[in-house]
DNA sequence: TGATAATATTTGCATAATGCAAGCAATAAA
DNA sequence: TTTATTGCTTGCATTATGCAAATATTATCA
């Protein structure tokens, strides 16, 4: 009944496989937005997340990028300096700022998106419709599980270990 | 017939989802091996890959970590300095060195593996057997597709763009 | 109210990671 | 034997990260 495998080979570790694929993909795409728009990877990630979910606060942006407020602050600063987003103080709570693309930000985003979406589509074409649907479902489940385990500190007692 | 979507929302980008999940997982696990064994993330990745595929040359290690010879050289240097791996010159081609765990390296690896595998299993328990099988299949397909597209420079003409 | 706590974000600084150019040494090709 | 190529390493400038502390705003409650 105890499902703990004595051996789970590396190539079946989800963290390993996901990070391999996303790193390769990232390394491949990065030169494009670096050359054309002089953006770093964290800046591009932030730009894409803001484009999708705006308006957004810095901490929401952090969550949506698996990051934290510190890191994201720098990406925000860069994007503001470049005129790609603006940061407006929230009227009701002036501690937080809501982030939105500027019109120039939208232009830059669109330019990069064209390329990224093309790469994504070509990648996804390795899967049929059913596989793609199931993959997305599984990703949702994994994300929820991970979030819940981290939130409830489910692994912490084990981590201290002997 | 042209499958290019006018809009593929961010949450369906494979690169985005994979990097979110693997970053969160990595950030969660890292303090464990950092505290207990003072290892950095690239060093731990290398250790795990060597444990799985040894003996291994530096460039094989680089491929298996979505990395390159430069980056990996530093992780190797650290692991050698710590006595976790040794680097033996290949008898037939003395440019390359084959990497293997030392017995101490095996011990350290096992200690971290216990924890990582537990986390992995708990994460994977969000999926049933069929979903897990399909996920692994899809990962294989995606990896092959990505590799083939990168190898054949399938996207490069587009990248220069207008 | 007024002191204290909590929240949202930023900053400074030490450390770690990366990218790239150039290097060395061994082997392969001409 | 000269010239290329391969495998790997080094140095150095640039970026990215982690963490502690600072600032400013809002919330709590005695």
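Residue numbers (my numbering), protein chains in the order written: chain R, 4 to 165; chain G, 4 to 165.
Quick reminder that beta carbons are idealized off the backbone N, C-alpha and C, glycines included.
Item	Value
On the criterion of 16 or more Cβ atoms from any shown chain inside 10 Å, does residue 59 of chain R qualify as buried, or is it exposed?	buried
Mind the definition here: the segment 59-74 of chain G touches the segment 132-141 of chain G only if three or more C-beta pairs lie below 8 Å; say whether that holds.	no
Count the other CB atoms, across all protein chains shown, that sit within 10 Å of the CB of residue 108 of chain R; report buried if there are 16 or more and exposed otherwise.	buried
Could you tell me how far apart the beta carbons of residue 91 of chain R and residue 101 of chain R are, in whole angstroms, since I believe they sit closer than 8 Å?	5 Å
Using 10 angstroms around the beta-carbon of residue 86 of chain R, count the other beta-carbons present and answer buried if the total reaches 16, otherwise exposed.	exposed
When DSSP labels each residue in this structure, what does residue 5 of chain R get in the three-state scheme?	Any reading at residue 5 of chain R must be qualified, since the residue scores a pLDDT of 48, below 50, and its modelled position is unreliable; the value itself is stated next. The answer is coil: DSSP assigns residue 5 of chain R none of H, G, I, E or B.
With distances taken Cα to Cα, identify the nearest neighbour of residue 13 of chain G among R:63, R:116, R:17, R:19.	R:116
Just how far apart, CA to CA, sit residue 84 of chain G and residue 64 of chain G?	18 Å
Along the segment 27-61 of chain G, where does the CB come closer than 9 Å to a CB of chain R? Name the residues.	27, 28, 29, 30, 31, 32, 34, 35, 38, 39, 48, 51, 52, 54, 55, 56
Per DSSP, what kind of secondary structure is residue 101 of chain G in: helix, strand or coil?	strand
Got a sec? Which residues, its chain only, sit under 8 Å from residue 79 of chain G by beta carbon, not counting five neighbours each side?	49, 61, 64, 88, 90, 102
When DSSP labels each residue in this structure, what does residue 145 of chain G get in the three-state scheme?	helix
Opposite residue 92 of chain R in the DSSP bridges: which residues?	R:100
Nearest CA to the CA of residue 104 of chain G: which residue from G:150, G:113, G:97, G:98?	G:113
At a cut of 8 Å, does the segment 19-30 of chain G reach the segment 16-35 of chain R through at least three beta carbon pairs?	yes
Near residue 32 of chain G, which residues of its chain fall below 8 Å by C-beta distance, leaving aside the five closest residues on each side in sequence?	118, 119, 122
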